[in-house]
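Asker:
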Amino acid sequence: MTILGVVSGSGGAGCSTLAAALGVQAAALGGTAVVVDGDPVCGGLQVTTGVEHLPGHRWAELAEVDGVVDGSRLRERLPQADGCAVLSGGRVSSTLTALSPEPVPPTAFDAVLDGLERSCDLVVVDWGRQLRPGQGASLYLLPLTARGIADAQAWLAQFDAEQLAGVVTRSRRGRRKLAEAAAAGLGLPLLGEVVDDRRVAVAERRGGMPGAGRGPLARLARNIVGAVVQAEQARTGRADRVPRGRRRVATGRA
């Protein structure tokens, strides 16, 4: 019953991959989880999670939602992978012609997100570059490059950093000190590092969920789920059920 977003000022940083890993690890820990595309027009999330050919609701079927949404019923009607539900744009296809250009009104978007939050242990939102205010805490995914750091500085000048729980960096192995310095320079805590993980590429080729099973990404996602969800619930004073896992925030290499 917590919303956790993933956002980045850099295109192609891997927000969808990290969001999917967080959702699948929450499910692996025994929670009910759904990963949501924060841009209802896009269909990239369903491709990343390997559910593009599975039946179930997409954002296009929810554009006319009005009023209170039964999140439990909705979750049952979404495509599922590795115990995690996925709400993406697009249709039941991987072709570009299947994408739906119709925007989802903010009222419908908020109603759907509210319904899912009430009924699921964790709702992970892939925000991409845009962050909606008042929708829980978010992680900033930072490519550890000069361009990535510049993008982050520009992004922080436009959006409210108060919604950010911290930074997750993305780079090759062995760049721990640079990750710490970059996070400190942005004034945000370092929650972990996404390092090269061949399992992610293998999962993508096979149409599987990123972060399922073992590996650096899976370990990082599991640690973040336990730590950030607990912190958010403590902040809001809620005692909702939370997936059980390691509670310490992962600040070491995944």
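Start counting the sequence shown at 1288; every next residue gets the next number (the numbering used here).
From the three backbone atoms N, C-alpha and C, an ideal C-beta is built for every residue, glycine too.
1) Would you say the beta carbon of Leu1349 is closer than 6 Å to some non-hydrogen atom of the ligand COA?
2) DSSP has Gly1292 in a bridge; who is on the other side?
3) Report the residue ranges of all alpha helix (DSSP H) runs contained in full by the region 1468 to 1495; include only those spanning at least 4 residues, in chain order.
4) Along the chain, where does the beta strand (DSSP E) containing Cys1371 start, and where does it finish?
5) Run the CB neighbour count on Asp1353, radius 10 Å, all protein chains shown included, and call it buried at 16 or more, exposed below.
6) Considering only the alpha carbon of each residue, which of Gln1517, Leu1341, Glu1348 lies closest to Pro1392?
7) To which residues of the same chain is Leu1465 closer than 7 Å at the C-beta, ignoring the five residues directly before and after it?
8) Label Pro1327 either buried or exposed according to how many other C-beta atoms from any shown protein chain fall within 10 Å of its C-beta, with 16 as the threshold for buried.
9) Residue ranges of each beta strand (DSSP E) run of no fewer than 3 residues wholly in the region 1298 to 1354, ordered along the chain?
10) Go to Val1455, then tell me how far its beta strand (DSSP E) extends in each direction, as first and last residue.
11) Beta-carbon within less than 6 Å of Ala1470's beta-carbon, same chain only, minus the 5 sequence neighbours each way: which residues are those?
12) Any idea what DSSP makes of Gln1367, helix, strand or coil?
13) Would you call Leu1383 buried or exposed, if buried means 16 or more other Cβ atoms sit within 10 Å of its Cβ?
14) Check each candidate in Glu1449, Pro1366, Arg1485, Ser1303 and name the one with the smallest Cα separation from Asp1324.
Answerer: On the basis of the supplied data:
1) Among the components of this structure there are no ligands whatsoever, and the ligand COA is therefore not found.
2) For this step, residue 1292 is matched to residue 5 along the sequence shown. Bridge partners of Gly1292: Val1412, Ser1425.
3) Here the runs fully enclosed are 1485 to 1493.
4) Position 84 of the sequence shown, counted from the start, is the residue given in the question as residue 1371. It spans 1371 to 1374 - the beta strand (DSSP E) in which Cys1371 sits, taken as one unbroken run.
5) In the sequence shown, residue 1353 corresponds to position 66, counting from 1. Asp1353 should be labelled exposed.
6) Stepping through the sequence shown from its first residue, residue 1392 is reached at position 105. Cα-wise, what sits closest to Pro1392 is Glu1348.
7) Position 178 of the sequence shown, counted from the first residue, corresponds to residue 1465. Cβ neighbours of Leu1465 within its own chain (closer than 7 Å, five residues either side excluded): Leu1431.
8) The residue given as residue 1327 occupies position 40 in the sequence shown. Here Pro1327 is buried, its C-beta having at least 16 other C-beta atoms within 10 Å.
9) Note on the region 1298 to 1354: whole beta strand (DSSP E) runs with a minimum of 3 residues are 1320 to 1324, in chain order.
10) Here residue 1455 refers to the residue found at position 168 of the sequence shown. Counting along the chain, the beta strand (DSSP E) containing Val1455 begins and ends at 1451 to 1457.
11) In the sequence shown, residue 1470 corresponds to position 183, counting from 1. The residues are Val1454, Leu1477.
12) Here residue 1367 refers to the residue found at position 80 of the sequence shown. Assigned with DSSP and collapsed to three states, Gln1367 falls in strand.
13) Numbered from its first residue, the sequence shown carries residue 1383 at position 96. With a pLDDT of 46 at Leu1383, under the threshold of 50, the predicted position of this residue should be treated as unreliable, and no value is reported.
14) Taking the first residue of the sequence shown as 1, we reach residue 1324 at position 37. With distances taken between Cα atoms, Asp1324 lies closest to Ser1303.
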